[in-house]
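Convert by adding 72 to the 1-based position in the sequence shown; the result is the number in the working numbering. Glycine included, C-beta positions come from ideal geometry on N, C-alpha and C.
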Amino acid sequence: MRFTSALCVILAAIVSTARADLTESLKAGTIDIKYAGPMAFGPDGVLFIGDTQQGAIYAIDTGDAKGDSAKVRFDIKGLDQQLAAMLGATPADIMINDVKVNPASGNVYVSIARGKGAGAAPVLIRVDASGKPSEVKLSGAKFAKATLNNVAVGNQRSPSITDLAYTEGKVIVAGMSNEEFASKLRVLEFPFKDAGRGASVEIFHGNHGAVETRSPVRTFVTLDIAGTTTVLAAYTCTPLVTFPVADLKNGEKVTGKTIAELGAGNTPLDIIAYKKDGKDYLLVTNTKHGVLKVSTEGIATAAAITKRVGGTAGLKFESIKDLANVKQLDKLNDNSAVVLVTGNGSSELVTVALP
73 MRFTSALCVI LAAIVSTARA DLTESLKAGT IDIKYAGPMA FGPDGVLFIG
123 DTQQGAIYAI DTGDAKGDSA KVRFDIKGLD QQLAAMLGAT PADIMINDVK
173 VNPASGNVYV SIARGKGAGA APVLIRVDAS GKPSEVKLSG AKFAKATLNN
223 VAVGNQRSPS ITDLAYTEGK VIVAGMSNEE FASKLRVLEF PFKDAGRGAS
273 VEIFHGNHGA VETRSPVRTF VTLDIAGTTT VLAAYTCTPL VTFPVADLKN
323 GEKVTGKTIA ELGAGNTPLD IIAYKKDGKD YLLVTNTKHG VLKVSTEGIA
373 TAAAITKRVG GTAGLKFESI KDLANVKQLD KLNDNSAVVL VTGNGSSELV
423 TVALP
């Protein structure tokens, strides 16, 4: 009987732990977000938003944790026009900053600036499985806030926060500081604690033939490379660089490993990782070179690029000609992605097959 009672207590504790989710640390209150910029989802419908104007990260309970992303498809024409009409604005007054899929539901979230300049208002939009957009009211939502240290702030388009991701109980934030070694990767424990100074990161830029400390990470994903959780970062002009997350300690100066050069005169806009036919790939959308499919085969042992490169080098990649004018992308499920396509004065949110 004593053994049975003890076993019941243990099982109850296990069940309790299993039921715990990311929302438990969040509290209802006034969300003073000034600018809705880069986003990332954690489990349980928790959305992380970077406020580039304040240099802060918000964790928000969306209350959106049920659905099946495998059954969702989007084909929305004139998204910017629909959003503008819904918000009582014109398409010219709408700036779409980021697009992310909530993996818990399959719904798509869009961060927006409504208006121009200092008076622009942050807006968060949810597009449901039926394709209907609605504004996410933040008043009264459960949330938490982390204010970053030594960030390069001052305006809405500040590079204080360029991208973020949630992995293994941590929020990883890329951006710029006001320090001499300005480029930063910050690892924030969640629930949020002291944000710390973050790690100053430098890279060897093959196309420039130089070590750089002031070039920000534009977009990144986290990967497991040979059992090590790793940030794979894309920079302007366009090197791909890896940083083991364990090396990104507060106050440290960390040199990344440049493993690819995708071509000069180009800025990466978004990146995802996925598996196809048993192999691992990256999909990177860029301002000049379009959408590139990058093979990660041999990434663990790839030689570092340490000398000037007059073109492309490193990991193998191919251009996906069928995907043009893609500004944002995110993985929807194992077989497809959601892309934001702009052109001819309008924007579309559509589902595409992973190439």
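Item	Value
Between L387 and V366, is the Cβ-Cβ spacing less than 7 angstroms?	yes
In three-state terms, what does DSSP make of G203?	coil
For G328, which three-state DSSP category applies?	coil
Taking the alpha carbon of A318 as the reference point, which residue from A332, G299, C309, D123 has its own alpha carbon closest?	G299
Extract the residue ranges of the alpha helix (DSSP H) inside the segment 117-174, only unbroken runs of 4 or more that lie entirely within it.	151-159
Measuring alpha carbon to alpha carbon, tell me which residue in I184, G150, V303 is nearest V289.	V303
Have a look at the DSSP bridge pairing and note the partners of D235.	A246
According to DSSP, is T285 part of a helix, a strand, or is it coil?	coil
Spatial neighbours of V313 within its chain, please: C-beta separation below 6 angstroms, excluding the five flanking residues on both sides.	I275, A305, G328, T330
With DSSP run on the structure shown, which of helix, strand or coil describes G337?	coil
Please classify S408 as buried or exposed, where buried requires at least 16 other C-beta atoms within 10 Å of its C-beta.	buried
Would V356 pass as a contact of N279 if the rule is Cβ separation under 7 angstroms?	no
Looking only at its chain, what residues have a beta carbon closer than 7 angstroms to the beta carbon of V424, apart from the 5 residues adjacent to it on each side?	L395, S408, A409, V411
Can you find a heavy atom of the ligand GTP that lies under 6 angstroms from the Cβ of V366?	Ligands displayed in this structure: none; no statement on the ligand GTP is therefore possible.
So, with DSSP's three-state summary, where would you put D342?	strand
Taking the alpha-carbon positions, what's the F253 to A282 distance?	15 angstroms
Quick one: grab the DSSP three-state call for A372.	helix
Use the C-beta contact count for S211: other C-beta atoms within 10 angstroms, 16 or more gives buried, fewer gives exposed.	exposed
For a test of the three-state rule: what should DSSP assign to A213, helix, strand or coil?	coil
Among the residues of its own chain, which have a CB less than 8 angstroms from the CB of H277, if the five just before and after it don't count?	V283, E284, S287, Y307, C309, P311, T330
Could you check whether E324 and A271 sit closer than 7 angstroms to each other, using their CB atoms as the reference points?	yes
For the putative contact between R186 and L159, defined by C-beta atoms under 8 angstroms, what is the C-beta separation to the nearest angstrom?	5 angstroms
Around the Cβ of T102, are there at least 16 other Cβ atoms within 10 angstroms (buried) or fewer (exposed)?	exposed
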